[in-house]
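**Student:** For reference, the structure I am asking about is given below.
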């Protein structure tokens with residue numbers, strides 16, 4: 001992690017040690033820092049540095065500017081060759097790229113990184129597209145602070161007042177304002193963006209990356225696509241493993257993470273083993289999932305491990321762990337409370353298992369379903385629009401877990417999707433009277449606040465329409481934006497708390513852009529969805545797993561985990577009603593009604609799961625965060 005503090009007035013640096021201590025909060029030691037004129041630079045090289053960095057110095061460019069970079073540059077050798085920089089430091093290569101291309105430099109730099117270039121008259125900050133370590137900033141009292149984590153900015157003196165628009169939008173399932181921070185006066189750098197900060201505190205953002213303007217990829221044969229995808233996945237895995245002494249794998253029973261695990265086995269030393277970590281529901285969970293879904297993936301993982309004897313499978317049921325597990329640590333680590341944090345309790349056992357096994361890197365395939373393992377949900381609208389009616393029929397006929405009549409499936413998945421948004425909403429409102437928007441169903445905002453939040457969600461494209469994209473281009477743009485909704489902050493928080501690095505292998509930019517550019521018929525053919533991943537898996541996964549059409553469902557045991565704590569939640573609801581800081585954010589009448597009408601059994605019906613399994617925990621999460629910031633310890 002990194003931080004840079006610039007005092008534009010030229011007065012003596014006042015709080016360098018506080019910033020360094022804040023950056024190293026979970027590391028057991030302060031981050032390294034260096035003072036030079038009006039600038040303090042700080043760096044924490046890893047979640048748990050094993051040696052002192054007392055003599056660390058930031059990189060200085062030829063013009064005397066300070067440059068920090070957090071992450072990795074994957075095409076450094078190619079750039080070095082282009083610039084004639086034999087054996088150069090990656091930072092020198094990156095500095096040369098900025099000198100060569102200016103605001104467009106990061107378009108040519110492939111990697112997973114964020115950067116800060118502190119010059120005399122401006123500060124340039126940037127994040128790579130698709131995936132990058134987080135970066136936030138604030139200018140106040142004649143100074144600018146840029147940091148990987150908000151707490152370093154607060155340590156420099158920014159008042160810790162939560163941004164209430166951010167809180168309300170978050171409760172309304174809208175995280176698409178990717179530049180708004182969790183505190184008043186704090187900004188966030190979006191992926192694929194360069195932000196230039198001036199001495200007066202003004203800032204200008206430049207989006208150098210356009211996910212809708214990626215090149216098409218066309219090969220002669222189907223086999224060529226599979227060969228290219230496998231090669232890029234192997235390359236992505238090698239990049240993720242650089243510097244790893246003992247990697248581990250977050251493994252599911254699907255297609256994406258086993259394919260990454262197979263690639264990892266080919267990359268590590270033949271004598272080494274690969275520990276894997278899988279979460280499962282509680283023993284008390286009663287499997288009542290609809291057709292097409294699976295909640296316990298242990299049998300498939302065991303079969304995969306039997307096929308690959310160098311894998312050591314580990315399983316966790318996360319007993320005693322709820323949606324609010326270690327929330328205080330998360331609030332400190334990430335300085336926010338994104339609503340999807342409630343879903344991440346299942347990963348605590350995985351991270352703890354990896355730490356106990358001595359892993360220093362945890363590989364994941366979180367972005368697999370958005371890349372090589374995608375199901376081409378946009379195909380229905382595309383098939384109708386291009387009159388490929390046979391393919392439309394087959395895709396609808398073989399869609400797993402959808403028992404509706406064919407006419408209804410085709411109408412809902414293709415015809416309706418091509419109509420104007422206002423008509424689509426009117427049709428859904430008539431079919432589901434009184435339900436309102438999906439955002440509202442998943443939220444406990446008071447009606448007055450919800451109306452404003454809904455307007456913002458509409459303007460930002462964050463209204464949850466419960467529908468598939470209409471084209472591949474729409475799907476790519478959607479995935480680009482939503483993946484940047486603080487997934488990096490959550491991952492960095494886990495890294496700090498558990499002391500090891502994580503790498504989401506499918507976010508490797510060449511792999512993402514390949515998957516964005518290939519035609520739809522590589523993802524689905526004659527009704528066979530995830531066709532690319534199934535072909536990639538030939539000989540690498542057991543046949544039963546390769547051909548399995550069920551999707552894994554997280555949080556299936558939500559009812560079993562929440563029900564024993566209802567009395568605790570009722571006490572919390574009463575406390576929320578008396579808290580002026582939460583007024584306008586949580587409708588306690590709605591919260592009380594949910595707790596009084598708690599269902600007797602679990603359900604995957606969104607009309608039940610939405611308010612009880614999603615809205616209620618997220619309201620309690622937000623209340624805990626607001627109280628954490630204020631320093632109060634109410635229930």
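Numbering (UniProt numbering), first residue to last: 1 to 635.
Ideal Cβ placement from N, Cα and C applies to all residues, glycine included.
These numbers were taken from a predicted model, which means no experiment stands behind them.
When you measure from the CB of residue 318 to every non-hydrogen atom of the ligand NAD, does any distance come out below 7 Å?
**Tutor:** What this structure holds is no ligand at all, so the ligand NAD is not there to describe.
**Student:** How about the stretch 376-394 and the stretch 517-524: do they share at least three Cβ pairs that are nearer than 8 Å?
**Tutor:** yes
**Student:** Rounded to whole angstroms, how far is the Cβ of residue 276 from the Cβ of residue 295, which I believe are closer than 8 Å?
**Tutor:** Going by Cβ atoms, the distance from residue 276 to residue 295 rounds to 19 Å, so no, they are not a contact pair.
**Student:** Give me the Cβ distance between residue 293 and residue 551, rounded to the nearest whole Å; I'm assuming they're in contact under 8 Å.
**Tutor:** 6 Å
**Student:** Consult DSSP for residue 156 and reduce its assignment to one of helix, strand or coil.
**Tutor:** coil
**Student:** Here's the rule: buried if 16 or more other CB atoms are within 10 angstroms of the residue's CB, otherwise exposed. What is residue 99?
**Tutor:** So residue 99 ends up on the exposed side.
**Student:** Answer yes or no: do residue 177 and residue 460 have a C-beta to C-beta separation smaller than 8 Å?
**Tutor:** yes
**Student:** Specify whether the stretch 1-17 and the stretch 133-152 touch according to this definition: at least 3 beta carbon pairs, one from each stretch, less than 8 Å apart.
**Tutor:** yes
**Student:** Helix, strand or coil for residue 514 per DSSP?
**Tutor:** helix
**Student:** Spell out the partners DSSP gives residue 250 in its beta bridges.
**Tutor:** 277
**Student:** Under 8 Å between the Cβ atoms of residue 168 and residue 445?
**Tutor:** yes
**Student:** By DSSP, does residue 410 sit in helix, in strand, or in coil?
**Tutor:** helix
**Student:** Should residue 484 and residue 191 be called a contact, given that it needs their Cβ atoms to be closer than 8 Å?
**Tutor:** Yes. Within cutoff.
**Student:** Could you pull out every residue in the same chain whose Cβ sits closer than 6 Å to the Cβ of residue 234, ignoring the five residues on either side in sequence?
**Tutor:** 263
**Student:** Residue 147 to residue 206, Cα distance in whole Å?
**Tutor:** 19 Å
**Student:** On the criterion of 16 or more Cβ atoms from any shown chain inside 10 Å, does residue 321 qualify as buried, or is it exposed?
**Tutor:** buried
**Student:** Once DSSP output is grouped into helix, strand and coil, what is the label at residue 616?
**Tutor:** Under the three-state reduction of DSSP output, residue 616 falls in the helix class.
**Student:** Rounded to the nearest angstrom, what separates residue 155 and residue 25 at their Cα positions?
**Tutor:** 12 Å
**Student:** Beta-carbon within less than 6 Å of residue 80's beta-carbon, same chain only, minus the 5 sequence neighbours each way: which residues are those?
**Tutor:** 88, 93
**Student:** With DSSP as the reference, identify every bridge partner of residue 334, one or two as the case may be.
**Tutor:** According to DSSP, residue 334 bridges with nothing at all.
**Student:** With DSSP run on the structure shown, which of helix, strand or coil describes residue 482?
**Tutor:** Three-state result, residue 482: helix.
**Student:** To which residues does DSSP link residue 315 through a beta bridge?
**Tutor:** In the DSSP output, where bridge partners are listed per residue, residue 315 has 278.
**Student:** Would you kindly work out how many angstroms separate the C-alpha atoms of residue 229 and residue 516, rounded to a whole number?
**Tutor:** 12 Å
**Student:** To the nearest angstrom, how far is it from the Cα of residue 182 to the Cα of residue 335?
**Tutor:** 7 Å
**Student:** On a CA-only basis, which of 590, 164, 250 is nearest residue 629? Give me that one, please.
**Tutor:** 164
**Student:** What first and last residue would you give for the alpha helix (DSSP H) that runs through residue 497?
**Tutor:** 487-498
**Student:** Locate the alpha helix (DSSP H) running through residue 108, then write down its first and last residues.
**Tutor:** 105-108
**Student:** Return the residue from the list 193, 239, 45, 124 that minimises the CA-CA distance to residue 503.
**Tutor:** 239
**Student:** Once DSSP output is grouped into helix, strand and coil, what is the label at residue 135?
**Tutor:** coil
**Student:** Label residue 55 either buried or exposed according to how many other C-beta atoms from any shown protein chain fall within 10 Å of its C-beta, with 16 as the threshold for buried.
**Tutor:** exposed
**Student:** Ignore the nearest five residues each way along the sequence and tell me which others in residue 188's own chain have a CB closer than 6 Å to its CB.
**Tutor:** Once the five neighbours on either side are set aside, the close Cβ partners of residue 188 are 136, 179, 181.
**Student:** Can you tell me the Cβ-Cβ gap for residue 426 and residue 439, rounded? I've got them flagged as a contact below 8 Å.
**Tutor:** The pair is not a contact, with the Cβ atoms about 17 Å apart (cut-off 8 Å).
**Student:** Need the endpoints of the alpha helix (DSSP H) that residue 34 sits in, please.
**Tutor:** Where residue 34 is concerned, there is no enclosing alpha helix (DSSP H), although the beta strand (DSSP E) it sits in stretches over 32-36.
**Student:** Can you round the beta-carbon distance between residue 346 and residue 555 to whole angstroms, since I take them to be within the 8 Å contact cut?
**Tutor:** 7 Å
**Student:** Can you tell which of 204, 82, 313, 360 has its C-alpha closest to the C-alpha of residue 243?
**Tutor:** 360
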